[in-house]
Every structure is written in C-alpha cells, then in structure tokens.
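See below for the structure under consideration.
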Amino acid sequence: MNGDDGGYQGVEQSIILKKGEVRMKSRRLGIWRKRYVLLFAPSSKGPTRFVKYADERGFKEEKQLSFFRMQDVTTVVRLSINDEQGITISLAGGEIRQFLCFDANEAEDWLQKLQTEAGKSDSLPIGLYRAYLIPNNFLNFDGECVVEVTADHVNVYEDVTKSRKVVGMKISCIRRYTSNPERRNNNLLIENGRSQEDVGESLLLFKSYQAEDIFKHLDRSAKRLRGSVSSANSSNGSYNPRQF
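The opening residue of the sequence shown carries number 1 in full-length UniProt numbering; numbering runs sequentially from there.
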C-alpha cells in the first residue's frame, strides 16, 4: 500500500465542468466581490456541485468558502440588472446566488452549463457508491470507481455502467473493514483474507465522501451473514467468528 493518496488530491482537475473568475454578490452585505468558482461533476469527492473559493490559490489549497448541490437548484436565469453578463441561481428553499462574468460569451457558457445540471439528480441506485481506489499491489487498477455492496459481496466497477468489474469480494472472506469519520479523511479500508478468490490476502484503501455510508452498508450485510451462519451452525457448533 502506497503511503500517499495516489493521485486522489488531483481528482478535481478531471471532473471540472466549468471554472472561472467572477464577481459574486455576498448574501449578507450585498457587496460584489471577485471570487473563483467551479462547477464539478459527481465523483468520489462529492455530488455535482457549484463551489466558491476566494481565489484560484484557495482552490488549489482546497479551501472552499461555500458550495451548493446542483440537485437543489430550481432555476438558472439571466440577472435582471445585467442580462448580458449576469446569472441568477435559485435554490430550493428560496435562497438565491448571483454573479457577474467579465464578458457576455463567458456568461452564456456559464448559463448553458448551469442550466444543463440544474435540478438533475446524480444519486446512484441503492447499494452503489462513488469511490476512489488508491494504487495498490493487489489489483491492476486504481482511480475513480463505483463500489457496490450487496447482501454477500462487495463489488468494484470501473464506472456507473457496471460494464467492467474490477474485483468481486465475498463479505464472508473479508477479514476487517474500517472507517474513521472523526478524522474526516474519507477513508474506507478493506482487508481480505487468504480465501478471497479474486484478490487473495490483500489491503484495499478507498477514498469517498460516502465512506461512512459504504461502511454502514457493509457492516449491516456482514452482521446479517454472521447471524445466518451462526444460526445454521448452532446445531453442530462449528461457527468461527474470525471469518468476519
């Protein structure tokens, strides 16, 4: 297992739908301030979202000022006081965000991209989660992926189409799985035992803003399996809890 994040910090660069410098109206004081804003596609880092930074340096240092999910956007229209360069974004609940671009062409591009993503749900079906697999010595794959948790397996696919499976892991052969939400590092570690057919004895580290959700789903499935195995073996006393 590599000691660094294996490219995870650079994920944002590959999922930017639009970025640029604008003048954004502050909600409290109504002052127009220069800000650096980005529109991100869904990934292991988060859902489709509009993020505001103080400047480009703030983006590189991952110091966001605020964000909202595009799923919560109800309308995106031209700003009435400057319909050539201004944009008004309305959110569910009545909140409004407004910004001015530095030319009309840039404003038109922002308008089209924001309208395309507005109100669109990027949620995956139950049991599927976006994640990033850190480079490892056990699989010939790393990077953005989709993790699927079922009643008895954890499957990893290259993308949401599930057309190419990276690995399938029997929950009964997973030795240990951990997540630490208190540290806010978005880590999910899965340690497989020797009997894991596809990958054998191995450590796989995933990064995901949904790491805790994956952990909870995996934990529920493991406990159900543990209960069913315990019940099935109670008559002959052969249950071995270490397999979980």
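The beta-carbon is built from N, C-alpha and C at its ideal position, and this holds for glycine as well.
Residue i (DSSP reduced to helix, strand or coil)
| i | result |
| --- | --- |
| Leu225 | helix |
| Lys45 | coil |
| Ile171 | helix |
| Arg183 | helix |
| Leu111 | helix |
| Thr150 | coil |
| Asp219 | helix |
| Ile190 | strand |
| Phe59 | helix |
| Gly143 | strand |
| Thr116 | helix |
| Glu201 | coil |
| Asp122 | coil |
| Asn82 | strand |
| Ala211 | helix |
| Ala131 | strand |
Classification of residue i by the beta-carbon crowding that lies within 10 angstroms, buried from 16 upward
| i | result |
| --- | --- |
| Glu148 | buried |
| Phe215 | buried |
| Gln196 | buried |
| Asp207 | This sequence places Lys at residue 207; Asp is not what is there. Burial call: buried. |
| Glu117 | buried |
| Ala107 | buried |
| Ala222 | buried |
| Ser26 | exposed |
| Thr75 | exposed |
Expected contact under 8 Å - CB spacing of residue i and residue j to nearest Å
| i | j | result |
| --- | --- | --- |
| Tyr209 | Lys52 | Their Cβ separation, rounded to whole angstroms, is 18 Å, which puts Tyr209 and Lys52 out of contact at 8 Å. |
| Arg144 | Tyr132 | A small correction: the amino acid at residue 144 is Glu; Arg does not occupy that position in the sequence shown. About 6 Å separates the two Cβ atoms, so the contact holds. |
| Arg78 | Gly86 | 6 Å |
| Ala211 | Asn187 | 6 Å |
| Val160 | Val146 | 5 Å |
| Val154 | Leu218 | 6 Å |
| Pro47 | Asp152 | That pair is no contact at about 28 Å. |
Are the segment 211-227 and the segment 52-69 touching, with three or more C-beta to C-beta distances below 8 Å? They do not touch, by the three-pair rule.
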